[in-house]
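Trainee:
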Amino acid sequence: MSDLARIQAGMKAAIVKGGEPDTALLEAVVAGKLTSAQRMRVHQNNFRQTLTSALLAIFPVAQVFVGEAFMKGVAGKFITSEPPGAPMLSAYGATFADFLDGFPPVAQAPYLPDIVRLEWAVHELQVSNEHVVDEGPVRLSPNARVIDSRYPVLNLWMAGTGQIPPEAVNLKAGGQCAAVVLAFGEVRIMALDSAEKALLVALEAGAAKEDAGIARMLDMGVLAGKA
Amino acid sequence: MSVDYLWQPKGTGRPAGISLKTEHFSDILTSRPAVDFLEVHAENYMTEGGAHHRYLEEICAHYALSVHGVGMSLGSAEGLDPAHVARFKAVVERYRPTIVSEHLAWSVSGGTYLNDLLPLPLTVESLDVVVRNIDTLQQAIGRSVLVENPSSYLSFKSSEIPELEFLVRLAERTGAGLLMDVNNVYVSARNMETSPEEYIDAVPASLIGEVHLAGHAVKNIDGVELRIDDHGSAVSPDVWALYERLITRVGPKPTLVEWDTDIPPLSILVAEAEKAKAVMNALEAAHV
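Protein chains in written order, with this note's numbering: chain L, -16 to 210; chain C, 54 to 341.
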């Protein structure tokens, strides 16, 4: 490994992991009025703070439910565990919901990963190109995402965005299925009822028959293709 | 490869510009402020779609554009990420900017992106690495770029080439120009206990394709002052003085005021650009 590659690997480890950098790295840095560790901390803090801000900006609704301190804490764990793989922050956070699934403190707010999935779908579609699909079999549109939740994810979203009062959400009322659709340059969130959900499952299995539901879901932009 | 970093705009030849922030999109289109160019971060326009592309396309019909990369990692020992180079190229081809720039820094190691402009040991080895990476980038986009001097919080014992000499040597070897960030010169000099005036007085005028100005924060770490380049406030009086000193010697250069955190109303940014233009105008008048 070249000297430059060794320094970069050492700094990367110190920045991603946080805490005291290893001795070899500290010895390579000129100290002066500040210690090498204090100087390294500028970069360690910068990494954590800027990525935390980027994640919090993508998931504002999740934060309404668990608060800023919790979000910052869990974002910090995620950043250490899964740092970005590309210099394109609009793509960073795609796996945050899956990470939350395996994060024990989330048990206090078990619906949180699905709120995050919904917010990610909105974010992802907002920076996507609208695909034109009028050929091929009827299927889930590339301009649509479906979040089938065990929790009332749409009511939670409405409460989190201030459209209904929090007391109007009953967590025990059963799950909801949300569709997020990009159409005519705008991203919209809609509810899918059980018949529509069943139709999606049937389509995936190649067992759907032509019916009014398909026409309606093509109109909604949830489905694409030739009926 | 064309040497297109020496932008000579029509009109005054004293262009002053500002960062283009999403917060100001509609304000810029309705008020059309009298700035000469706008600068965006390349990485913010690497998505395939989104409202920000539609705004930028419309804004580009009225203003010259500078595309400023923040994630190329020109100092990475492992070389550039071809996927990122391709995305960068797509932004340049889509918007055909007047100026294209990047940083003397690294931000990628082992495929992990550290979202920061990290310092390099300034050695013969790292000079070769940066030259190779700039060559790769310039070949890919078919034009020369400007390379910005970093703001530093630490340096390495192994460094053997002074920063300005390092920049000049890589410009000579690659045909790249310099993006002289006066705030970075000041921040680094204060943090590393060197003279910002000596640095400013030694920059070769012919290599400067653009000048950056920005605000920075002052932090106190256990009683020791540290300047942080956060682009979150007005340009400091010390940095204005350095800018005047530079422009007096090298003449007018396209100057851009950056503002990336705690974004103020558009009028504040425009006023900062007007101030830079006034500095250039006053010195020009004094020479007549």
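C-beta: ideal position from N, C-alpha, C; glycine also.
What is the DSSP secondary structure of W312/C, counted as helix, strand or coil?
Mentor: coil
Trainee: Hey, could you find the ends of the beta strand (DSSP E) S179/C is sitting in?
Mentor: First-last for S179/C: V177 to I194, but that is the alpha helix (DSSP H), not the beta strand (DSSP E).
Trainee: Which of the three DSSP states is assigned to D194/L in this structure?
Mentor: coil
Trainee: Check this for me: beta carbons of M125/C and M71/L, under 9 Å apart or not?
Mentor: no
Trainee: Tell me the DSSP secondary structure of V12/L in three-state form.
Mentor: strand
Trainee: Whole angstroms are fine: how far does the CA of E65/L sit from the CA of A77/L?
Mentor: Whole-angstrom Cα-Cα distance: 11 Å.
Trainee: When the Cβ atoms of the region 224 to 231 of chain C are set against those of the region 191 to 201 of chain C, are three or more pairs found closer than 8 Å?
Mentor: yes
Trainee: Can you tell me whether D254/C is buried or exposed? The criterion is at least 16 other CB atoms within 10 Å of its CB, across all chains shown.
Mentor: D254/C sits exposed, since fewer than 16 C-beta atoms from the chains shown fall within 10 Å of its C-beta.
Trainee: Cα-Cα, which of P305/C, S129/C and F90/C is closest to C113/C?
Mentor: F90/C
Trainee: Considering only residues of the region 89 to 120 of chain L, which uninterrupted alpha helix (DSSP H) runs meet the minimum length of 4 residues and lie entirely inside it, listed in chain order?
Mentor: 95 to 109
Trainee: Take the Cβ of T314/C as the centre, count every other Cβ of all protein chains shown within 10 Å, and call the residue buried at 16 or more, exposed below.
Mentor: With fewer than 16 Cβ atoms within 10 Å of its Cβ, T314/C is classed as exposed.
Trainee: Does L217/C come out as helix, strand or coil in the three-state DSSP assignment?
Mentor: For L217/C, the three-state secondary structure derived from DSSP is helix.
Trainee: So is I41/L in contact with chain B if we call contact Cβ pairs under 9 Å?
Mentor: This model lacks chain B altogether, as its protein chains are L and C.
Trainee: Could you tell me whether the Cβ atoms of A151/L and A161/L are closer together than 9 Å?
Mentor: Contact flag unset, no.
Trainee: Just to check my reading of the structure: A130/L and L95/L have Cβ atoms closer than 8 Å, yes? What is that Cβ distance to the nearest angstrom?
Mentor: Strictly speaking, residue 130/L in this sequence is Ile, with Ala absent from that position. For a cut-off of 8 Å, the C-beta gap from I130/L to L95/L is around 13 Å, too long to register as a contact.
Trainee: Quick check on S55/C - is its C-beta less than 9 Å from some C-beta in chain L?
Mentor: At S55/C, the pLDDT of 44 sits below 50, so the modelled position is not reliable and the matter cannot be decided from this model.
Trainee: Beta-carbon separation of E311/C and I71/C under 9 Å?
Mentor: yes
Trainee: So that I know if they touch, is there some Cβ in chain L lying closer than 9 Å to that of V182/C?
Mentor: yes
Trainee: Helix, strand or coil: which one does DSSP assign to S211/C?
Mentor: coil
Trainee: Along chain C, in chain order, which residues have C-beta atoms closer than 7 Å to that of G68/L?
Mentor: G164, T165 and Y166
Trainee: Would you say S129/C reaches chain L, if we count a Cβ-Cβ gap shorter than 9 Å as a contact?
Mentor: yes
Trainee: Among D117/L, A80/L and S73/L, which residue has its Cα nearest to the Cα of S111/L?
Mentor: S73/L
Trainee: Could you tell me how far apart the beta carbons of G163/C and K(-5)/L are, in whole angstroms, since I believe they sit closer than 8 Å?
Mentor: 6 Å
Trainee: Going along the chain, which residues of the region 140 to 171 of chain L sit with their C-beta nearer than 9 Å to a C-beta in chain C?
Mentor: Per Cβ criterion, the list reads L165 and G168.
Trainee: Can you confirm whether K60/L, when its beta carbon is compared against all beta carbons of chain C, has any partner nearer than 9 Å?
Mentor: no
Trainee: Along the chain, which unbroken stretches of the beta strand (DSSP E) at least 3 residues long are found entirely within the region -16 to 9 of chain L?
Mentor: none
Trainee: Leaving out five residues on either side along the sequence, give the residues of the same chain with a beta carbon under 7 Å from the beta carbon of A198/L.
Mentor: A210
Trainee: Between which two residues does the beta strand (DSSP E) holding H265/C run?
Mentor: I261 to L266
Trainee: Residues bridged to N273/C by DSSP?
Mentor: E278/C
Trainee: V184/C to L157/C, Cα distance in whole Å?
Mentor: 11 Å
Trainee: In angstroms, rounded to a whole number, what distance separates the CA positions of L171/C and R107/C?
Mentor: 32 Å
Trainee: Output yes if chain C places a C-beta closer than 9 Å to the C-beta of S124/L; else output no.
Mentor: no
Trainee: For A242/C, which residues of its own chain have a beta-carbon under 7 Å away from its beta-carbon, when the five flanking residues on both sides are left out?
Mentor: S248, P249 and Y252
Trainee: Here's the rule I'm using: 16 or more other beta-carbon atoms within 10 Å means buried, otherwise exposed. How should G50/L be labelled?
Mentor: G50/L should be labelled exposed.
Trainee: Starting from F61/L, follow the alpha helix (DSSP H) in both directions and report where the run begins and ends.
Mentor: F61/L -> alpha helix (DSSP H) spans P43 to S64.
Trainee: Where does the unbroken alpha helix (DSSP H) through G143/L begin, and where does it stop?
Mentor: Here the alpha helix (DSSP H) through G143/L covers V136 to G143.
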